[in-house]
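Data first, discussion second: the structure below is written as structure tokens.
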Amino acid sequence: MFDPDLPAQGLRPTHAQMLKHLRRSNAVAQRAVALGHHPFGAVLVGPDQETVLLEQCNIDTVNHAESTLARVAATNFTPEFLWGCTLYTAVEPCCMCAGTAYWANIGRVVYGMTEAQLLAETGSHAENPTMSVPSRYVFDHCQKPVELIGPVPEIAEETVVLQRAFWASR
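Numbering (our numbering), first residue to last: 118 to 287.
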């Protein structure tokens with residue numbers, strides 16, 4: 118699966134590709150809700166920015182979609198290959214998930230809405246005690262330059278609708 122013709126961090130995604138994969142992460146989040154979990158989903162895309170390698174919905178408070186996906190990816194792909202991959206998630210990864218993506222050697226993360234926006238939508242909900250530690254802070258303190266892209270405004274609005282609907286029912 119390693120393609121020596123692609124740059125080390127894979128091709129840079131186009132805006133259209135980012136929207137497509139972020140919308141897919143929201144679809145995975147809706148699947149999480151159908152399974153009785155919180156509305157978060159993650160998608161891992163290969164270095165070509167087209168091939169979906171893994172999808173993961175949220176499981177529980179310590180098995181978030183992004184961290185679970187990163188752990189599964191690390192057991193199925195080489196670190197060199199993962200450095201060219203992109204993790205897409207409609208909601209900014211928390212500090213745990215950002216750290217897990219870093220340790221899994223995933224080279225790029227793209228998100229739709231910020232953790233601060235999520236807090237504004239959920240309030241201090243007991244089931245979702247968000248942390249005020251942006252993923253940018255985590256990645257800025259890493260030894261490898263993980264590329265972080267977000268928020269993506271078009272997806273932020275769509276994700277807010279999904280999050281509002283879920284948390285209003287809790």
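For every residue, glycine included, the Cβ atom is placed at its ideal position computed from N, Cα and C.
All of these numbers come straight from a predicted model, not from anything done at the bench.
Segment limits, alpha helix (DSSP H) that includes residue i
i	result
M135	132 to 151
T206	Element bounds for T206: not the alpha helix (DSSP H) but the beta strand (DSSP E), 203 to 208.
G216	212 to 221
R281	270 to 285
Three-state secondary structure assigned by DSSP to residue i
i	result
L128	coil
R188	helix
V179	coil
V227	strand
F119	Note that F119 has pLDDT 49, beneath the 50 cutoff, so the model's placement of it is unreliable and no number is given.
V160	strand
Where the beta strand (DSSP E) containing residue i begins and where it ends
i	result
A243	Note, A243: premise wrong, no beta strand (DSSP E); not H, not E.
C174	169 to 174
Exposure label - residue i; buried when at least 16 CB within 10 Å
i	result
H138	buried
V160	buried
A218	buried
H258	exposed
Q260	exposed
Short Cβ contact (8 Å threshold) for residue i with residue j
i	j	result
A237	G158	no
I223	R140	no
Integer-rounded CB distance, given that residue j should sit under 8 Å from residue i
i	j	result
N175	H155	5 Å
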